[in-house]
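Enquirer:
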Amino acid sequence: MATEFISKTKRTHSCGALRASDIGKEVVLFGWVQNRRDHGGLIFIDLRDRDGLTQIVFGPELAAEAHTLAERFRSEWVIGIRGTVRSRGMQWSKKENKEVPATNPNLATGEIEVVVLEATVFNKAQTPPFEISEHTSANEEIRLAHRYLDLRRPTLQRTIMTRSKLNAATRQYFVDNGFLELETPFMGRYTPGGARNFLVPSRLNPGNFYALAESPQLYKQLFMVAGFDKYFQIVKCFRDEDLRLDRQPEFTQIDVEMSFVAQDDIFAVIEGLLKKLWKEVHGIDLPTPFRRMDFDESMARYGNDKPDLRFALEHTQLNDVIAKFGSDGGVGPMWDSVQQKGLVKALVVPAKHALSRSEIDKLEEYVKGMGAGGLARAKLADNGDWTQAPLFKNAKPELKAAILEATGAKNGDLLLFQFGKPSQVHTIMANLRVHLAKKLGLIPEFGTKDGQWNFLWVVNPPLFEYDEDAKTWAAAHHAFTRPMDECLKYLEPESFDPAKVYCYRYDVVLNGFEIGGGSIRLHDPEVQSKVFKAMGISDEDARSKFGFLLDALKYGAPPHGGIALGMDRLAFLITQTESLRDVIPFPKTQKGTDLMTGAPGEVDEKQLRDLYVKSVPPAK
RNA sequence: GGGGGGUUAGUUCAGCUGGUUAGAACGCUGGCCUGUCACGCCAGAGGUCACGGGUUCAAGUCCCGUACCCCUCGCCA
C-alpha cells in the first residue's frame, strides 16, 4: 500500500512551503511525525521535513480510515498524506475574550493546515533516544552516537544547509573571477616539518607509506609553475594533532593560489569572497577593506596573532618601565625577569567590572592551569593605594606611577600581571584576556552577536623563530615564504640577523579565530637557498626534502602567492554555533573517535600482514 | 604528556554531614478528550547510581585506580 502510494502519488510541496495563497489546493506531503496532539476526535500532527513543519489534521468524519491510522502514529514515523489546504479555524481567546484566528505565528506555514483525505505509513520508528527538535537538551555524546537522528534536528539541518550554500557560493565566486578548480592528491609523500601526518601503508611497496595531505601546499605551487595562474579548491586536509573546539583531524579548506600577484591582490580576492558569503548567509554588506595590524603589534597588545577585537582589555608591556628603575624599582621578580630576557605584561580590568578577591583567586587557578606561577595583582583603592599587591610592597612610588602611566590604570581599577618567558607570558595573558571578556560579559560565551563581525588581517610576521631546543633558527610557518625586500640584507653574511627578517605572510582573523592564512611564496631559487642557509639547512638537505619543488622553481616559476581559509571555522562562525562539530555532519570526538561507527577500530591480523605492518600496542 | 569539569531512569537533572524502599521534569505505555500547536487530564512502567578495587555496621555519597565525554596548556610549519 505504501509503495503503491508513492508510485501513484507524487509530492507536490515541502513541509515548509504552503501559505495562505495555497488555500483550496489539493496537496501531497511526505515527512516525519514531529508531534501528535490527539483530541480523541481531531488529531493534529506536525509533519516535518528539512524545509519546515506543516500542521495536518485528521478528522473522524472526513476520512475515517486515515483517522484510524493516525491514532497509531508515533514520533518519527515516516508518512505520506494527500489532503486539502485550508485556513486554520477560529479559536477562543481568553485574553481578548473573543474568537481569534487560530494561526501559529511560530511557523512559516502557520496560517494554514492540511486536512487529510488519505494517509500512508512508509515506516514506523523506534522511540528515539532524544527528542528530534529544536529544543533538545541531550548532551553531545548521545547525539554523536546517533548522529543520523541529530542531523534530523532543524538546527543542525539549517547549519548543514548553510554549509552547502557556502560551498556553492564559493565555487560561484571563484569561477566568476576566472579561477580554475583543480584537484590534488590526498595520498602523497611524507615531507618533514609541520603537522604530524596520518600514514597509509602501501601494499604494493612493502615498508613504504603514503602521507595524507595536511594541505595541498606544494601541489598548488606546482600548478602555478605549470601556468594555471588562478587556482582554487574546496579540499579535505588531514592532521594528526590533538583536537580542540575549533580543530578536527580531517577538515576542509578553501585553498587558493594565484600568480603575478602581490599581497594586496590576495587580500582583495578574499575580502570579496567573504563579502559574498556574508551577503548570502546574513544579507549584510561587510565593510572592506578589512583592518590590518602588524604581527608584532598584535603580540604586544593581545598576546597572540589572532586577537579578538570585539573588546579592549589590551596588554601593556612593562619591560621598559621596569628596566628604567632596575634594581631600585623594588619589584625584584619583575626586574629579574627583564634581565633574563623575559617579558613583563599587565592588563587593566576597569573599575566598573569590580572583581572580588575570590574571583581573582579563581583567575589565578585558571592561569596556573596554563603553567603560570601565579597571578600578580594590584587593586587600586579609591585613594590610590595599591592593595592586594604583595609584589609591590617595596615598590618605589615613582615605579608605581610609571606603571599607572603606561597602563592608563585609574583608581578603582585592577591590574593583573604576568612575567617570565615571553611565549608563555603572551599565551597566558592572551587567554586570560578572552576568559575575562567572557566572564565580564563583553562577548558571549560562544557565538557572535549580530553585527559584531570583526575581521582583521595580521601581517608582516617574522620569517624565523628561534628554536630553543635545537639552538637553530626555524621557519615560523614554512620555508617557502618570501622575505620582505627590505629585509633581504639580514640574510647576507655581513649583516646576518634572522630575527629582523619579516615576510609576506598574512592571517585573516575573525573574532579571535584564525580563519585563514597564506603567504607570498619564494619563487627565486637564490633567495630560497639563503633562507635554507639561515636555518642551517644545506642545499643537499633541502634537496632531499623538497627536491621536486626546488627543481620546479628553476624552470621559470612565476611570482605567486596564496591563502587557505578554514571552511569549517568559517561555517562555524557564520552560523554562530558552539563548535566545529556543529557544522560537520559526522565529526570526531576530542580523542579522534567516531561514536557512531566506532572508528578507529581494530583490523584482522591478515589485513596487517597484507600491508607488511605490525601493531605494537603501548605497554600498560 | 599536564591542568580543570563531567558520568544517577530513554533524556535533562536533584540527591545536604555516609543511614529505611534513590526522586523530579520531559519522554514512553494505557485510558479520556473535536481546535490543539512543546495540547490537556488520569493511571502506569522504567535504575548494574560509568567500571574495578578499598574504608565502614552501613557507600549514589568518602578514598584509590580505570574508561569515556567536554574545555584547555603543550602540539597544530
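The numbering used here applies: residue 173 is where the first sequence begins, and numbers increase by one.
Ideal placement from N, C-alpha and C gives every residue a C-beta, glycine not left out.
On a predicted model such as this, the values are computed, not experimentally measured, just so you know.
How is residue 225 classed by DSSP in three states: helix, strand or coil?
Expert: Your numbering for residue 225 matches position 53 in the first sequence. In the structure shown, residue 225 sits in a strand (DSSP, three-state: E or B).
Enquirer: Quick one: what's got a C-beta closer than 8 angstroms to residue 653's C-beta in the same chain, skipping five residues either side?
Expert: As a position in the first sequence, residue 653 is number 481, starting the count at 1. For residue 653, where only same-chain residues beyond five positions count, the Cβ hits under 8 angstroms are 635, 647, 675, 676, 677, 691, 692, 693 and 694.
Enquirer: Are the CB atoms of residue 196 and residue 281 within a distance shorter than 8 angstroms?
Expert: The residue given as residue 281 occupies position 109 in the first sequence. The residue given as residue 196 occupies position 24 in the first sequence. Cβ distance not < 8 angstroms, so residue 281 and residue 196 don't count as in contact.
Enquirer: Given that a residue counts as buried once 16 or more other Cβ atoms are within 10 Å of its Cβ, and exposed if not, what is residue 428?
Expert: For this step, residue 428 is matched to residue 256 along the first sequence. So residue 428 counts as buried.
Enquirer: Using a Cβ-Cβ cutoff of less than 7 angstroms, which residues in the same chain neighbour residue 304 once the five nearest sequence positions on both sides are dropped?
Expert: Here residue 304 corresponds to residue number 132 of the first sequence, with the count starting at 1. Counting only Cβ-Cβ distances below 7 angstroms, and skipping sequence neighbours, we find 248, 321, 324 and 325.
Enquirer: Taking 8 angstroms as the threshold (C-beta atoms), are residue 410 and residue 354 in contact?
Expert: Taking the first residue of the first sequence as position 1, residue 354 is located at position 182. Taking the first residue of the first sequence as position 1, residue 410 is located at position 238. Not in contact: residue 354 and residue 410 (Cβ atoms no closer than 8 angstroms).
Enquirer: If we call anything under 8 angstroms between Cβ atoms a contact, is residue 462 one with residue 633?
Expert: For the purposes of this step, residue 462 is taken as the residue at position 290 of the first sequence. For the purposes of this step, residue 633 is taken as the residue at position 461 of the first sequence. Cβ distance not < 8 angstroms, so residue 462 and residue 633 don't count as in contact.
Enquirer: Using 8 angstroms as the threshold, is the C-beta distance between residue 388 and residue 405 below it?
Expert: For the purposes of this step, residue 388 is taken as residue 216 along the first sequence, with counting starting at 1. For the purposes of this step, residue 405 is taken as residue 233 along the first sequence, with counting starting at 1. Yes; because the gap between Cβ atoms is below 8 angstroms, this pair is in contact.
Enquirer: What is the rounded straight-line gap between the Cα of residue 359 and the Cα of residue 374?
Expert: Position 187 of the first sequence holds residue 359. Position 202 of the first sequence holds residue 374. In a straight line, the C-alpha of residue 359 is about 10 angstroms away from that of residue 374.
Enquirer: Using 10 angstroms around the beta-carbon of residue 528, count the other beta-carbons present and answer buried if the total reaches 16, otherwise exposed.
Expert: Mapped onto the first sequence, residue 528 falls at position 356. Under this definition residue 528 is an exposed residue.
Enquirer: Unbroken beta strand (DSSP E) runs of length 3 or more, entirely within the region 393 to 475: which are they?
Expert: As far as the region 393 to 475 is concerned, its whole beta strand (DSSP E) runs of at least 3 residues are 402 to 410, 422 to 431 and 463 to 466.
Enquirer: Inspect the beta-carbon positions of residue 205 and residue 253 and report whether they are closer than 8 angstroms.
Expert: Position 33 of the first sequence, counted from the start, is the residue given in the question as residue 205. Position 81 of the first sequence, counted from the start, is the residue given in the question as residue 253. Going by C-beta atoms, residue 205 is not nearer than 8 angstroms to residue 253.
Enquirer: Counting only the same chain and skipping the five closest in sequence on each side, list residues whose C-beta sits under 7 angstroms from that of residue 187.
Expert: The count along the first sequence starts at 1 and reaches residue 187 at position 15. Excluding residues within five positions, the ones whose Cβ falls inside 7 angstroms are 201, 203, 219, 220, 221, 223, 224, 225 and 226.
Enquirer: Secondary structure at residue 679, three-state DSSP: helix, strand or coil?
Expert: Here residue 679 refers to the residue found at position 507 of the first sequence. Of the three classes helix, strand and coil, the one that applies to residue 679 here is strand, per DSSP.
Enquirer: Can you give the Cα-Cα distance for residue 269 and residue 276, rounded to whole angstroms?
Expert: Position 97 of the first sequence, counted from the first residue, corresponds to residue 269. Position 104 of the first sequence, counted from the first residue, corresponds to residue 276. About 18 angstroms.
Enquirer: I need the DSSP call for residue 489, collapsed to helix, strand or coil.
Expert: The residue given as residue 489 occupies position 317 in the first sequence. It is a strand residue.
Enquirer: Check each candidate in 279, 778, 554 and 761 and name the one with the smallest Cα separation from residue 319.
Expert: As a working mapping, residue 319 is identified with position 147 in the first sequence. Measuring from the Cα of residue 319, the nearest candidate turns out to be 761.
Enquirer: Work out the CA separation of residue 490 and residue 592 for me, nearest whole Å.
Expert: The residue you call residue 592 lines up with position 420 of the first sequence. The residue you call residue 490 lines up with position 318 of the first sequence. About 12 angstroms.
Enquirer: If residue 351 and residue 403 are in contact, beta carbons under 8 angstroms, what's the gap, nearest whole angstrom?
Expert: What you label residue 351 is simply residue 179 of the first sequence in a count that begins at 1. What you label residue 403 is simply residue 231 of the first sequence in a count that begins at 1. 6 angstroms between Cβ atoms; contact.
Enquirer: For residue 739, which of helix, strand or coil comes out of DSSP?
Expert: Sequence index remark: in the first sequence, residue 739 carries index 567 (1-based). Residue 739: helix per DSSP, three-state reduction.
Enquirer: So the alpha helix (DSSP H) residue 314 belongs to, where does it begin and stop?
Expert: Taking the first residue of the first sequence as position 1, residue 314 is located at position 142. Unbroken alpha helix (DSSP H) run through residue 314: 312 to 317.
Enquirer: Could you tell me the boundaries of the alpha helix (DSSP H) in which residue 510 lies?
Expert: Along the first sequence, read from residue 1 onward, the residue named residue 510 stands at position 338. It spans 504 to 511 - the alpha helix (DSSP H) in which residue 510 sits, taken as one unbroken run.
Enquirer: At the level of alpha carbons, what is the spacing between residue 661 and residue 704?
Expert: For the purposes of this step, residue 661 is taken as the residue at position 489 of the first sequence. For the purposes of this step, residue 704 is taken as the residue at position 532 of the first sequence. Roughly 15 angstroms between the two C-alpha positions.
Enquirer: Might you give, ordered along the chain, the residues of its own chain that have their beta carbon closer than 7 angstroms to the beta carbon of residue 443, omitting 5 neighbours on each side?
Expert: Counting from 1 along the first sequence, the entry for residue 443 is found at position 271. Same-chain partners within the cutoff: 460, 461 and 462.
Enquirer: Grab me the residues of residue 584's own chain with a C-beta within less than 7 angstroms of its C-beta, minus the 5 sequence neighbours each way, in chain order.
Expert: Taking the first sequence and counting its residues from 1, the one referred to as residue 584 is at position 412. Same-chain partners within the cutoff: 523, 552 and 554.
Enquirer: Just how far apart, CA to CA, sit residue 435 and residue 628?
Expert: Taking the first residue of the first sequence as 1, we reach residue 435 at position 263. Taking the first residue of the first sequence as 1, we reach residue 628 at position 456. So the two alpha carbons sit approximately 14 angstroms from each other.
Enquirer: Can you find the residues in the same chain that come closer than 7 angstroms, C-beta to C-beta, to residue 559, ignoring five residues on each side of it along the sequence?
Expert: Taking the first residue of the first sequence as position 1, residue 559 is located at position 387. The residues are 551 and 553.
Enquirer: Nearest CA to the CA of residue 666: which residue from 697, 706, 343 and 642?
Expert: Here the question's residue 666 lines up with position 494 in the first sequence. Cα-wise, what sits closest to residue 666 is 706.
Enquirer: Grab me the residues of residue 534's own chain with a C-beta within less than 6 angstroms of its C-beta, minus the 5 sequence neighbours each way, in chain order.
Expert: Against the first sequence, residue 534 aligns to sequence position 362. Contacts found: none.
Enquirer: Quick check on the burial criterion: 16 or more other C-beta atoms within 10 angstroms. Buried or exposed for residue 368?
Expert: What you label residue 368 is simply residue 196 of the first sequence in a count that begins at 1. Exposed.
Enquirer: Tell me, which residues are paired with residue 329 by DSSP?
Expert: For the purposes of this step, residue 329 is identified with residue 157 of the first sequence, where counting begins at 1. Partner(s): none; residue 329 has no beta bridge.
Enquirer: Mind checking who residue 591 pairs with in its DSSP beta bridge?
Expert: For the purposes of this step, residue 591 is taken as residue 419 along the first sequence, with counting starting at 1. For residue 591, which the question treats as bridged, DSSP gives the partners 516.
Enquirer: Distance, Cα to Cα, residue 717 vs residue 724?
Expert: Here residue 717 is taken as the residue at index 545 of the first sequence, counted from 1. Here residue 724 is taken as the residue at index 552 of the first sequence, counted from 1. Going from the Cα of residue 717 to the Cα of residue 724 covers about 14 angstroms.
Enquirer: Nearest by alpha-carbon distance to residue 697: which of 541, 685 and 731 is it?
Expert: Locating residue 697 in the first sequence gives position 525, counting from the first residue. Per the Cα distances, 731.
Enquirer: With DSSP collapsed to three states, give me the class of residue 201.
Expert: Translated into the one-based positions of the first sequence, residue 201 becomes position 29. Strand at residue 201.
Enquirer: Quick one: Cα of residue 787 to Cα of residue 780, how far?
Expert: The residue given as residue 787 occupies position 615 in the first sequence. The residue given as residue 780 occupies position 608 in the first sequence. Straight-line Cα distance between these residues: approximately 8 angstroms.
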